[in-house]
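Numbering (the numbering used here), first residue to last: 7 to 232. Positions of the beta carbon are idealized from the N, C-alpha and C atoms, including for glycine. These numbers were taken from a predicted model, which means no experiment stands behind them.
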Ligand SMILES: [Zn+2]
């Protein structure tokens, strides 16, 4: 009917006019959506311990995308900002001996100048917490526990908090270089890097043989290039 068509047309015009004049409503809608996105926790494990065990994950928390080989994937989860607050949790009993190890990894990732890491004195302000643990019933020399949000509309993942730990059970027997390599590996996860098996990389899941490589820097650059 002609009249109902006119009514529909008027409603469309009014709606369009309203939306054009109230762009703030779009932002509200976005905020609502953000609250609706699902939160996941993923544990990123390494098999740097060189104990000869296969990479069985010692994860007890809820994990996402953990495969049978103990490698875990962030699947592209990255930080929504380029300056990250980092807290060194020295309350952990073994941490004082490893504070300089974490500091070296912190400095080395900062030196690549893709993300800016800022050391903060308040744990509540931290995006990333660096600490230690002493666990023998795992093959992992370190772990990065990442929390991220998943946008259900586009599947994009945004990192919200990471706790990275060095497992002194293994690291106490490591050379200083391998300790730093392991710390760089876990901090690499905390910045959004996944495991790399095809080339020389600090993100190789086993061995702790490499520090940060040029290809690792390129990989991080690719994640944050926009
Ligand atoms: Zn790893």
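Rounded to whole angstroms, the separation of the alpha carbons of residue 157 and residue 108 is 32 Å. When secondary structure is reduced to three states using DSSP, residue 186 falls in the helix class. Boundaries of the alpha helix (DSSP H) harbouring residue 101: 101-117, taken from the DSSP string. For a cut-off of 8 Å, the C-beta gap from residue 199 to residue 225 is around 6 Å, short enough to register as a contact. The region 203-215 and the region 92-105 do not touch, with fewer than three beta-carbon pairs separated by less than 8 Å. In this structure, residue 121 keeps its C-beta atom at 7 Å or more from the C-beta atom of residue 112. Taking each of 141, 119, 91, 169 in turn and checking the Cα distance to residue 126, the smallest one comes out for 91. For residue 172, no alpha helix (DSSP H) run applies; the uninterrupted beta strand (DSSP E) run containing it begins and ends at 163-173, by DSSP. In chain order, 84, 198 place their CB closer than 7 Å to the CB of residue 229, counting only its own chain and leaving out the 5 sequence neighbours on each side. Here residue 153 carries a strand assignment [DSSP, helix/strand/coil].
Residue 205 carries a coil assignment under DSSP once its states are collapsed to helix, strand and coil.
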